[in-house]
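To start, the structure under review is shown below, and the notes come after it.
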Amino acid sequence: EICSCWGIVDPENYALQFCETNNQKYVTEKNRNEIKNGSVLRLQYSPSKTANDALETLRTGSTFDKIKCLKELSSLSVDLTFALEFIKEQGLDIIISMIEEPSEKEDEILKYSLKSFVELMEHGTVSWEILQNSFVERNIYIVRNFQHFSKCTESALSNLENIVQNSSKHNLVEHEVTLQDLLRLLQDANSSVIMQNAIALINALFVKANEARKRQIAHTISAKQYRLALIGNVTSTEMTHQLYVLQTLTLGLLEQRMRMKINAQDQDAHEKIKELRRIAFDDYSGIMGSGGSGNLSSANIGNVNFAQYYKKLGFKSDINPAQDFIETPPGILALDCMVYFARNFTQQYTKIVHENSCRGDEHECPFGRTSIELVKVLCDILRIGEPPSDQSDFQPMFFTHDHPFEEFFCICIMTLNRTWKDMRATGEDFLKVFSVVREQITRTLKQRPDNLEDFRGKIAHFTYQTITNLRQQERTSKEECDSTASAIVKLKEKISPHILDLIKQQRLAFLVEGKN
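Residue numbers (our numbering): 92 to 607.
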């Protein structure tokens with residue numbers, strides 16, 4: 092009808108198009124319900140006509156016309172209706188050949204060809220398996236020489252990420268794109284989207300890698316200059332999400348130790364348990380009456396009752412403390428963290444052990460038992476071993492240290508010991524203490540501390556008394572909120588007359604019957 096009104100003789104070559112800023116898609120039967128009263132629609136060439144005209148320009152047009160056409164194509168390709176028509180007419184093959192052409196020197200043509208390809212593939216109607224090695228290698232070349240292809244790097248990174256995730260040619264990317272290439276790009280890039288796409292590619296490579304390669308990637312990105320490059324310019328929600336994914340993947344490397352129980356043949360684990368004892372009690376010097384020399388004869392060593400030391404260390408099984416590490420999680424990971432604390436915070440470690448082992452009352456805080464439970468709680472809070480979720484919980488502090496989880500544990504175990512004292516807890520209060528400690532940790536993490544020292548400072552403010560006050564305030568606030576809820580108000584209105592009537596009857600009865 093519109094074409095007839097305007098005297099257009101070939102209506103099959105026209106279609107209506109939305110002309111809103113964020114919606115310029117063609118009107119179809121599926122989306123016509125999006126038309127609102129007062130909406131302005133544009134009469135435009137149909138998707139089929141537009142696709143064919145674009146293909147003709149790309150085949151025979153001048154450089155100027157091609158650039159103009161590709162620029163429009165990169166916008167039109169967002170629309171599934173147009174994309175399907177363009178792909179049906181073999182348009183994707185032409186775009187791919189333009190990208191692969193090594194003699195193409197015009198930056199704008201390469202830029203918009205890549206951008207159009209990204210948008211066309213975004214619809215998921217074409218398999219990534221159709222791509223040849225030449226296309227993959229072209230994108231790799233662009234990324235590795237990003238200084239010369241600043242306008243094209245963003246799309247090339249996106250393509251490589253999808254190839255790694257969805258194509259059998261991911262091995263080509265893994266072999267040709269080094270981690271150093273991507274980390275150098277992160278350091279030098281001046282675009283947040285390029286940085287975001289580079290991190291997304293690192294994540295994709297991480298997921299595809301074997302265990303040894305994953306640990307190599309994690310070790311490389313833990314270098315200080317790369318850590319700073321990763322978290323130095325977090326400017327968007329999507330970049331934050333990609334960093335959260337990387338955080339989850341790197342912390343996920345702890346899962347193997349978390350799910351590994353100790354066994355009799357694990358000599359390293361048994362040596363670590365002995366090391367905990369030696370560090371805490373100075374290899375029994377002075378304790379076993381060795382004349383202050385610190386040297387124990389073989390006869391004396393044979394008489395040493397190790398169980399008393401393991402009991403003072405707070406293990407449940409003082410005869411064989413290895414039994415405490417059978418439960419998974421936290422498995423051997425708990426022992427790793429305890430030894431790290433003993434080695435790197437020796438003064439604090441020995442202070443905690445001796446303060447609690449020498450107490451004559453029932454308020455001692457068992458280091459072994461609480462440490463094992465704490466690691467279990469930390470693994471649960473950080474969701475170690477679980478895939479990344481849509482609800483990002485990026486914590487920059489995990490990118491500020493070579494051993495972030497172990498340092499995190501050290502701060503938390505000292506917090507736990509302080510909280511145990513504040514609560515004057517006994518063994519019966521074990522679960523109650525951990526309820527408070529979990530809340531101290533989660534409330535601090537919600538503040539997104541910049542680094543581990545910042546975390547240490549922030550968690551120090553969440554004392555047991557502070558947590559108690561916050562709980563009371565939240566409980567009061569909830570009760571006030573509940574009391575004003577519509578359902579509660581309606582119920583009050585309904586039963587109030589009945590309650591008032593009961594009160595009236597009770598008072599009258601009291602007047603009639605008297606005090607007795």
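Don't be surprised by glycine CBs; every beta carbon is placed ideally from N, CA and C.
Counterpart residues of residue i in DSSP-defined beta bridges
i    : result
Y232 : Answer is none; Y232 lacks a bridge partner.
Outcome for residue i when other beta-carbon atoms lying within 10 angstroms are tallied against a minimum of 16
i    : result
K157 : buried
S225 : exposed
P138 : buried
R598 : exposed
G422 : buried
G380 : In this predicted model, G380 has a pLDDT of only 40, less than 50, meaning its place in the structure is not dependable; the value taken from the coordinates is given anyway. That one is exposed.
K654 : The question about residue 654 has no answer here: the residues shown for the chain are numbered 92 through 607.
V217 : exposed
G215 : exposed
L561 : exposed
L593 : exposed
R368 : buried
I285 : buried
P478 : exposed
H261 : buried
T584 : One point to set straight first is that residue 584 is Glu, not Thr, in the sequence displayed. Looking at its Cβ environment, which holds fewer than 16 other Cβ atoms inside 10 Å, E584 is exposed.
K581 : exposed
D170 : buried
L149 : buried
F372 : buried
D427 : buried
S259 : exposed
I221 : exposed
C456 : buried
E147 : exposed
N253 : buried
C243 : buried
E453 : exposed
V603 : exposed
Y401 : buried
T151 : exposed
Host alpha helix (DSSP H) of residue i (start-end)
i    : result
K299 : S283 to K299
S462 : F458 to I472
C160 : T154 to L167
S188 : G182 to E191
C428 : I423 to N435
Q531 : F521 to K537
K315 : K315 to I322
F546 : L543 to H552
V255 : T244 to N257
P588 : S577 to E604
R348 : E346 to M349
D279 : L270 to D279
A371 : Q358 to F372
E418 : No alpha helix (DSSP H) holds E418; DSSP gives it neither H nor E.
T331 : T328 to L342
F237 : Counting along the chain, F237 falls outside any alpha helix (DSSP H), and DSSP gives it neither H nor E.
I221 : From DSSP, I221 is part of no alpha helix (DSSP H); its letter is neither H nor E.
K260 : First-last for K260: undefined, no H or E at that position.
F611 : Missing from the structure shown is residue 611; the chain here goes from 92 to 607 and no further.
I353 : From DSSP, I353 is part of no alpha helix (DSSP H); its letter is neither H nor E.
D198 : D198 to E213
T172 : L171 to K179
K127 : Here K127 belongs to no alpha helix (DSSP H), and DSSP marks it neither H nor E.
E302 : E302 to I312
Residue i at chain D interface by Cβ criterion, 8 Å
i    : result
A371 : Any reference to chain D falls outside this structure, which holds one protein chain only.
Check: Curious, which full-length alpha helix (DSSP H) runs of at least 4 residues does the segment 472-518 contain?
Finding: 495-513
Item checked: Sufficient close CB pairs (3 or more, under 8 Å) joining the segment 565-583 to the segment 510-525 -> Taking a contact to require three or more Cβ pairs closer than 8 Å, the segment 565-583 and the segment 510-525 do not qualify as touching.
Check: Okay, do the segment 300-313 and the segment 459-472 touch, 3+ Cβ pairs below 8 Å being the bar?
Finding: no
Notebook entry, point to check: Counting pairs of beta carbons, one from the segment 480-491 and one from the segment 500-517, are three or more of them closer than 8 Å?
Noted result: no
Check: When the Cβ atoms of the segment 331-345 are set against those of the segment 468-480, are three or more pairs found closer than 8 Å?
Finding: Cβ pair count under 8 Å is three or more, so yes.
Notebook entry, point to check: Counting pairs of Cβ atoms below 8 Å between the segment 231-243 and the segment 261-275, do you hit three or more?
Noted result: yes
Margin query: Between the segment 402-414 and the segment 322-334, can you find at least three pairs of beta-carbon atoms closer than 8 Å?
Written below: no
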